[in-house]
Amino acid sequence: MPDFPIIDTHLHIWDFERLNYSAFAGHPLFGKSYHVEDYQRDCGDLEIEAMVFLECYADFTAAGGQYIEEIKFVEDSARRDPRIMGIVPMAPLERGSRVEPVLAEMAENHPSVKGIRRIVEFDADPRSLMLGPDFIEGVNLLEKFGYHFEINVNYTQMDIVREFVKQIPRVPMILDHCGKPGIKAGAISQYRQDLKELSQYPNLWIKLSDLPVEADHQNWTESDLRPYIDATVEAFGFERMIYAGDYPVCLQATTLPQWVDVLDTALAGSSTAELHSFYRNNANRFYRLGLPAMKGKAG
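Residues 10 to 308, numbered by the working numbering, are exactly what the sequence shown covers, in order.
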């Protein structure tokens with residue numbers, strides 16, 4: 010376990026009394042509210058300096074969504090735990106330039122918003138959505154507001170991502186959960202090739218997170234995950250790789266302390282500066298949290 014406080018760049022909390030989450034209804038693990046106090050409890054001995062909230066797929070339609078309501082819920086949670094220093098909500102980027110009023114409202118009234126995520130993975134037609142001219146226009150519009158974009162896909166959709174990133178030259182992007190690689194399918198060769206190509210785009214970063222969830226939930230071993238961790242480090246290095254926990258989604262397969270233990274073992278040969286970058290300084294820089302860099306360390 011790191012001997013310094015870390016930044017968790019992927020926290021989910023939700024409240025069924027305040028917002029609607031049809032995707033979670035009836036789920037044995039997710040069909041209840043999760044609050045920041047639940048996260049505090051489940052961190053165990055992990056020392057968390059700051060967290061970034063990621064949108065939780067609250068119900069939306071083509072006409073509108075709960076974008077601002079979710080931000081306000083997280084802002085209320087941050088009053089109870091000020092370590093929530095960044096918010097990445099959803100926004101209907103597929104509207105193209107017509108999304109600008111939504112982004113302007115976020116920028117004007119909600120300074121903790123750092124970027125936008127629009128989940129592509131579960132869309133009825135991910136290719137048409139992500140490569141559509143309106144969506145690309147909407148993502149490129151984020152530059153005007155100083156926002157980044159978070160990519161959420163699975164390994165069967167990485168061909169779409171390879172085409173998408175070519176059309177987003179200036180907006181910082183980050184690939185959530187390593188692109189959800191096909192660990193159960195043993196798709197390590199594809200993963201290496203995907204990352205080799207994607208790492209050539211300097212504005213694209215990667216979150217090393219959630220690998221146990223992409224493996225056999227109950228029977229994964231560290232040896233199942235290690236090739237994917239090694240491939241991530243090899244492709245992106247410690248300059249554009251960021252730690253994330255993905256609570257409570259991670260609970261399907263692991264705990265937050267166990268996930269950090271796996272990473273500690275895999276990264277055991279890394280320098281102190283590299284570990285500081287991965288667990289803290291890169292997140293501070295990418296999400297513009299404004300924390301001082303660890304003394305004497307790059308970041």
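Where a beta carbon is used, it is the ideal one built from N, C-alpha and C, also for glycine.
query	result
So what does DSSP say about Y237, is it helix, strand or coil?	helix
In terms of DSSP beta bridges, what is G155 paired with?	Looking at the DSSP assignment, G155 forms no beta bridge with any residue, so it has no partner.
Quick one: is P98 buried, meaning 16 or more other Cβ sit within 10 Å of its Cβ, or exposed?	buried
Hey, quick one: how far does the alpha helix (DSSP H) through T281 stretch, first residue to last?	T281 to H285
With a cut-off of 8 Å on the beta carbons, I'd call N228 and V180 a contact; round off their distance for me.	No, N228 and V180 are not in contact; Cβ-Cβ is about 39 Å, not under 8 Å.
Could you say which of D219, P178 and V222 lies nearest to L207 if we only look at CA atoms?	P178
Determine the DSSP secondary structure at E64, reduced to helix, strand or coil.	coil
Which residue marks the beginning of the beta strand (DSSP E) containing I215, and which one marks its end?	L213 to L217
Taking the alpha-carbon of A277 as reference, which of V242, A71 and I77 has the nearest alpha-carbon?	V242
Going straight from the alpha carbon of R104 to that of K153, what length do you get?	16 Å
Reducing DSSP to helix, strand and coil, say where W23 ends up.	strand
I'd like the span of the beta strand (DSSP E) that includes Y252, first residue to last.	M250 to Y252
Answer yes or no: do D17 and F82 have a C-beta to C-beta separation smaller than 8 Å?	no
Can you name, in chain order, every residue of its own chain whose Cβ lies under 6 Å from the Cβ of M115, other than the five neighbours on each side?	V122
Contact check, I215 vs I169 under 8 Å by CB: the rounded distance?	Their Cβ separation, rounded to whole angstroms, is 16 Å, which puts I215 and I169 out of contact at 8 Å.
Taking DSSP's pairing of strands, which residues face Y43 in a bridge?	W23
What residue does the alpha helix (DSSP H) around R294 start on, and which one ends it?	N291 to F295
Am I right that A100 and Y76 are in contact with their C-beta atoms under 8 Å? What's the rounded C-beta distance?	6 Å
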